[in-house]
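Read the structure below first, then the notes.
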Amino acid sequence: MNIVAVNNVSKVFRRAAGPRLMREYVRDMFRSRNDADPFYALKNVSFAIAARESVAIIGANGAGKSTLLGVIAGLANPDEGSVEVNGRIAALLELGSGFHPELTGTENVFLNASLLGFNEKQTRELLGAIVEFAELRQSMHQPIRTYSTGMIMRLAFSVAVHVDPAILIVDEVMAVGDVAFQEKCQRRIQTLREEGRTLICVTHSPGLMETCDRSIWLHHGELVMDGPSAEVVPAYVNYMAAPENGLPTATVKPVNKVRMLRTVSRARARRG
């Protein structure tokens, strides 16, 4: 069963034009949308993700990776196409997103959990584990605005992995913080994968790309390749090393679901 389906999704932004006169703002109010100068952050992107898959979204800066995660997480609506999600999503996107700077760490845990459908009783049952994992017991009664970026990442990650997500979405916020806690996060993600959770992540790290079962390569908002990481990542690394050679001629590589499931099974057998 597909847990995420992205169907011909496009996301369009209007290019910033700098300061304008008032008459230009008034004129633009009456312009048709087709007259605007559009920028496609995503253009006709389609793929499906099955339950238990781990997928890396890769591409150069500006490829549309974070926009795609935001659309999947429901933080932005596509201008064209549709997204179907079957399961609770916990998303670690922009650092501190979903946190109120004037609320304490504890209050922000309750706020985040409530947005994910947890009631007060359920959140209280999780609070001890969240605080222990984040290693922030001495700071939970302080406002978030007093936290360092590393402390915010600790709390955000701890909430995300304790709210029983079917799908964990991670942008590169984990690059913030000390190495020991990053390794702790990686171990927790591995545990979630072994429990059958679906992982979707954005990364520039070839090592993390290769640990995912599958990679989806975006370039200027369009899908270039979609397939096993062992095939997509080398093609992406080669392109980044010599972009003058151009993109791969086979622009879309469909995933063989049977082969993918066998690959995942073999990987789990080796770990087990």
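Mind the numbering: the sequence shown is residues 92 to 363 in the numbering used here, read in order. We put the beta carbon where it would ideally sit given N, CA and C, even for glycine. Predicted model, so just to flag it, every value in this text is computed and none were measured.
Query: Contact belief for Val-184 with Leu-309 at Cβ below 8 angstroms, rounded distance in angstroms; Result: A small fix is needed here, since residue 184 is Leu in this sequence, not Val. Not quite, the Cβ-Cβ distance comes to about 16 angstroms (not below 8 angstroms), so this is no contact.
Query: Whole runs of the beta strand (DSSP E) within the region 150-231, excluding any shorter than 3 residues; Result: 171-176, 180-183
Query: Cut-off 7 angstroms between Cβ atoms - residues of its own chain near Asn-279, not counting five sequence neighbours on either side; Result: Reading off the sequence shown, one finds Arg at residue 279, where the question assumed Asn. For Arg-279, where only same-chain residues beyond five positions count, the Cβ hits under 7 angstroms are Val-252.
Query: Cβ pair Ala-326, Pro-334 closer than 7 angstroms; Result: no
Query: Simplified DSSP assignment, three categories, for Ala-132; Result: strand
Query: Burial state of Asp-304 (16 or more Cβ within 10 Å); Result: buried
Query: Same chain only: Cβ atoms within 8 angstroms of Val-328, ignoring 5 sequence neighbours per side; Result: Pro-297
Query: Classification of Arg-362 by the beta-carbon crowding that lies within 10 angstroms, buried from 16 upward; Result: Caution applies to Arg-362, whose pLDDT of 40 falls short of 50 and renders its modelled position unreliable; the value that the coordinates give is listed next. Arg-362 should be labelled exposed.
Query: Beta-carbon separation (whole angstroms), Gly-196 vs Met-231, contact threshold 8 angstroms; Result: 4 angstroms
Query: Contact the region 198-215 vs the region 277-296: 3+ CB pairs below 8 angstroms; Result: no
Query: Minimum C-alpha distance to Gly-155 - residue among Asn-99, Ala-132, Val-174; Result: Ala-132
Query: Neighbourhood of Leu-194 by C-beta, 7 angstroms cutoff - its chain only, sequence neighbours within 5 removed; Result: Leu-202, Pro-234, Ile-235
Query: Met-92 classed as buried or exposed, judged by whether at least 16 other C-beta atoms fall within 10 angstroms; Result: exposed
Query: Exposed unless 16 or more other CB atoms sit within 10 angstroms - verdict on Thr-342; Result: The predicted model places Thr-342 with a pLDDT of 49, which falls under 50 and marks its position as unreliable, so this point remains unresolved.
Query: Beta-carbon gap between Ala-225 and Leu-259 smaller than 7 angstroms; Result: no
Query: Reduced DSSP secondary structure (H/G/I, E/B, other) of Leu-309; Result: strand
Query: Identity of the residue in Asn-99, His-295, Ala-142 nearest Gly-409 by Cα; Result: This structure gives no information on residue 409, because the portion of the chain shown stretches from 92 to 363.
Query: Contact set for Val-176: own chain, Cβ-Cβ below 6 angstroms, skip 5 residues either direction; Result: Val-95
Query: First and last residue of the uninterrupted alpha helix (DSSP H) at Ile-235; Result: From DSSP, Ile-235 is part of no alpha helix (DSSP H); its letter is neither H nor E.
Query: CB of Met-300 within 7 angstroms of CB of Val-315, strictly; Result: no
Query: The alpha helix (DSSP H) enclosing Thr-282, as first and last residue numbers; Result: 270-285
Query: Segment limits, alpha helix (DSSP H) that includes Ala-96; Result: From DSSP, Ala-96 is part of no alpha helix (DSSP H) but of the beta strand (DSSP E) over 93-105.
Query: DSSP state of Ser-296 mapped onto helix, strand, coil; Result: coil
Query: Bridge partners - Leu-290, DSSP secondary structure assignment; Result: Ser-145, Leu-259
Query: Neighbour-count burial assignment, Ala-204, 16 or more Cβ in a 10 Å radius; Result: buried
Query: Run of the alpha helix (DSSP H) containing Val-254, from where it starts to where it stops; Result: That residue, Val-254, is in no alpha helix (DSSP H); it is neither H nor E in DSSP.
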